[in-house]
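Residue numbers for the sequence shown, in the UniProt record's numbering: 1 to 328.
Read through the structure below, which is laid out as structure tokens, and then see the notes.
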Amino acid sequence: MKFATVGTGWITSAFIDAAQHSGKLSLHSVYSRSKEKAEQLASKYHVSSIFTDLDKMAKSEEFRVVYIASPNSLHFEQVLAFLKNKKHVICEKPIFSNIVEFEFAYKVAEENGVYLFEAMRNIHYPNALLLKKNINALGQIRSAMFQYIQYSSRYDAFLAGQEPNVFSRNFSGGALVDLGVYPLSLAVFLFGKPIDSHYYPVLLRNGVDGAGTLVLKYNDFNITILCSKISHSYIQSEIHGEKGSIVIDSVSEINHTEFHDHHTKTTSVLSTSQLEQNMAYEIDSFVEIIERNDLQAYASLKQLSADVLSITETSRRQNDIVFKSEQK
């Protein structure tokens, strides 16, 4: 199945590499507002079709799927352009800024007989599935702590007075929507949508959250999520039950997980080896849904994305973090 890309950052190259490894998608075209950047990416992957006009690209009949990895604030309009031209869309997380955009876009997808996916890769890993399969070994769950704390390569520029996209409300940036969605998505994948949530951000000079603590409330336990783009952490994530605890090396990669039995004092490895090109797993999932017209699997992914987005939007509203795209 032929696909095209929007965006020329490292994540786009990672997706193309994963697609090549998967074998389910074949790169046909690339887009960038910069002709030079489009040509560089096309040359790297030996394709000749480049676009600098998004509307013209959307109308092309040479590919069926598009992968979008542009700044967050551009997702909505770009996604709509392709959906209306009957292209299946894989949009990098966070898929949209708010639920209004989400519901409208999914309606457009349905009206045009195409699929819309959020590229939230960690919930598609084999180790995420193994984690979910073994969760009952914990017994009654009492707490969990998930973290994604990583000093951003763009933060020094922010400190120098610039405003990179990931630290800008103009581009729907911030720690929660950029990094926090990884632990949040894993929590919702494992335990469902919480009954309540509250976000405690560390706001920077321009009102964007550079870091924050998100508390998810479930019936019998709470999950604490730590996210930051302005510092770095060396701790792992954990789920705590009455029978044992599970340790997760990284919520974004999930390469290694262990179960620690409280009673026997033994430790067992739950994880298996995964592909270095780990975006291949989500590609396999998306293509299988398209080819099999698997509406049940599609509905599950759509609901998870909706649950996560509703929590991030609520978290922002609690703290008056408003994106430019919402100031209309």
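Quick reminder that beta carbons are idealized off the backbone N, C-alpha and C, glycines included.
Would you kindly work out how many angstroms separate the C-alpha atoms of residue i and residue j, rounded to a whole number?
i: Asn-219; j: His-198; result: 15 Å
i: Gln-303; j: Gly-161; result: 39 Å
i: Thr-12; j: Lys-265; result: 44 Å
i: residue 371; j: Val-177; result: As shown, the chain starts at 1 and ends at 328. That puts residue 371 outside it, with no answer to give.
i: residue 331; j: His-232; result: Since the first residue of the chain shown is 1 and the last is 328, residue 331 is not available in this structure.
i: Phe-104; j: Leu-116; result: 12 Å
i: Asn-72; j: Leu-270; result: 34 Å
i: Lys-84; j: Tyr-106; result: 11 Å
Can you round the beta-carbon distance between residue i and residue j to whole angstroms, since I take them to be within the 8 Å contact cut?
i: Phe-51; j: Ala-38; result: 7 Å
i: Ile-246; j: Gln-236; result: 10 Å between Cβ atoms; not a contact.
i: Asp-55; j: Ala-19; result: The Cβ separation is near 24 Å, so there is no contact.
i: Phe-323; j: Arg-169; result: 5 Å
i: Met-57; j: Ser-26; result: 17 Å between Cβ atoms; not a contact.
i: Leu-226; j: Ala-187; result: In fact, because the Cβ distance is near 12 Å, the residues do not count as touching under 8 Å.
Could you give the residue range of the beta strand (DSSP E) that holds residue i?
i: Glu-92; result: 88–92
i: Val-30; result: 26–31
i: Lys-2; result: 2–6
i: Met-145; result: 141–149
i: Val-269; result: 267–269
Can you give me the start and stop residues for the alpha helix (DSSP H) that residue i sits inside?
i: Asn-85; result: Premise fails: Asn-85 is in no alpha helix (DSSP H) and is neither H nor E.
i: Asp-156; result: 155–159
i: Asp-17; result: 10–22
i: Lys-133; result: 126–133
i: Asp-284; result: 280–292
When you compare each of the options to residue i by their alpha carbons, which one comes out closest?
i: Thr-224; options: His-75, Asp-209, His-240 and Asp-261; result: His-240
i: Glu-258; options: His-21, Ile-135, Asn-112 and Tyr-200; result: Ile-135
i: Ala-109; options: Ser-49, Ser-252, Leu-270 and Val-65; result: Val-65
i: Gly-139; options: Gly-244, Phe-158, Leu-190 and Gly-174; result: Gly-244
i: Glu-282; options: Glu-62, Val-215, Val-79 and Glu-92; result: Glu-92
i: Tyr-234; options: Val-79, Val-6, Asn-293 and Phe-146; result: Phe-146
Buried or exposed for residue i, going by 16 or more other Cβ atoms inside 10 Å?
i: Gly-23; result: exposed
i: Leu-275; result: exposed
i: Asp-209; result: buried
i: Glu-291; result: exposed
i: Ile-289; result: buried
i: Ala-211; result: buried
i: Gly-192; result: exposed
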